[in-house]
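If you read the sequence shown in my numbering, its first letter stands for residue 11, the second for the next number, and so on.
Here the structure comes first, spelled out in structure tokens, and everything after it is commentary.
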Amino acid sequence: MKLTRIFLLLAASMAVLVACNDQPQSTSDAPVEPAQLAEAGRLIQMYCVSCHAPHGNSEDRIAPPMLAIKNHYYENGMSREDFVKSFTEFVLNPTEETSKMPGALEKFGLMPKLGMEQTQLETIAGALFDQDIQDAGWLDQWIAAVSGQPASKEELTEVQRGKRVAMSTKAILGKNLLGAISERGTANAVEFCNERAIFLTDSMSADQHVPVKRVSDQPRNPGNLANATELEYIAYAKSKLAEGQEPAPKVHNIDGRAIGYYPIVTNKMCMQCHGAPETQILAETMHRIDSLYPQDLAKGYGENELRGIWVVEIPGE
């Protein structure tokens, strides 16, 4: 009996040691500086938390929490450099083949491209590696701890400033749309788009004190039809995608205002409402679209095609 008890204690101790060794250790030779941590926190709030929130139960989730992502992309003994590389490469170009989360892929589907810059992803990944995010309140504590730190001193270009506005707006719309799909199904989520999408876009415009809108050459809502200048950028973006290249955002000076154009590219999830009728768009969803949008032009898309663009009046420095 005594030997059995000793064996069980040893086994439990080994289990604890293994569990501890499965977590990345914060022993990097080049840890993230406080200003970079502050910037990583801002980026996570802008791009990640709307879908990958640390709080909430599994039934309400529309994507895995950041802790699960960290644990799946970290392999025992992995260096900080390799973790950052693995994380960044996937988020830059998400594919089923390179995903390390088969369960999340089956439950939530493949995440869309976020249009983030590589340096932004490296900042986030480095901070995730260095920081302990076991506690569900990790982000609140993290932001509070670095709240006095300035953002990275790197000056943002006009394109980058406008992109922040566009991506913040996209994050809010995406969070609400995915939540509507999860709670009510695709067909009922069409009503969310009809009733809330423009309202949320306008709200984000007011919150950021910057005019922002979505337009298209094939709008679902006629009010989102692109004008002549916007159509020029749409034609450029489509040509780049047809060549297998990523269209670069552009800035035009119009009446003394800097106006930025940012592409919106379709992914697999978009096909539920914007793909081929009857095969990708189910009959019930088709009925809702046709009844709410009698002038709809936004069906028949394939993946990785230009759905429309963000148009942002770029804020000053």
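Glycine residues also receive a C-beta, built at the ideal position from the N, C-alpha and C atoms.
The stretch 197-223 contains no complete beta strand (DSSP E) run of 3 or more residues. Three or more beta-carbon pairs separated by less than 8 Å link the stretch 50-65 to the stretch 130-138, which places the two stretches in contact. Asn186 sits in a helix when the DSSP states are folded into three classes. Of the residues assessed, Ala190 falls on the buried side of the cut-off, its CB having 16 or more other CB atoms within 10 angstroms.
Annotation for His284: the continuous alpha helix (DSSP H) segment containing it runs Met281 to His284.
Pairing Thr167 with Glu127, the inter-Cα distance amounts to about 13 Å. In terms of Cβ geometry, Ile274 and Leu316 form a close pair [threshold 9 Å].
Annotated three-state conformation of Ile274 is strand, per DSSP.
Under the Cβ criterion (8 Å, minimum of three pairs), the stretch 307-316 counts as touching the stretch 284-294.
Taking Val225 as reference, the option from Leu131, Trp320 and Arg194 with the minimal CA-CA separation is Trp320.
Counting along the chain, no beta strand (DSSP E) covers Gly87, and no H or E run does either. Around the Cβ of Ala199, a 10 Å sphere holds 16 or more other Cβ atoms; the residue is buried. In this model, Ala197 and Glu294 are separated by some 6 Å (Cα to Cα). Across the structure, Pro325 and Gln228 are spaced so that their CA atoms are roughly 28 Å apart.
Taking all protein chains in view, the Cβ of Phe97 is crowded by 16 or more other Cβ atoms within 10 Å, so the residue is classified as buried.
If you look at Gly254, you'll find it isn't in any beta strand (DSSP E); DSSP assigns it neither H nor E.
DSSP places Ile72 outside both helix and strand once states are collapsed to three, so it counts as coil.
In this chain, His62 is not harboured by any beta strand (DSSP E), its DSSP state being neither H nor E.
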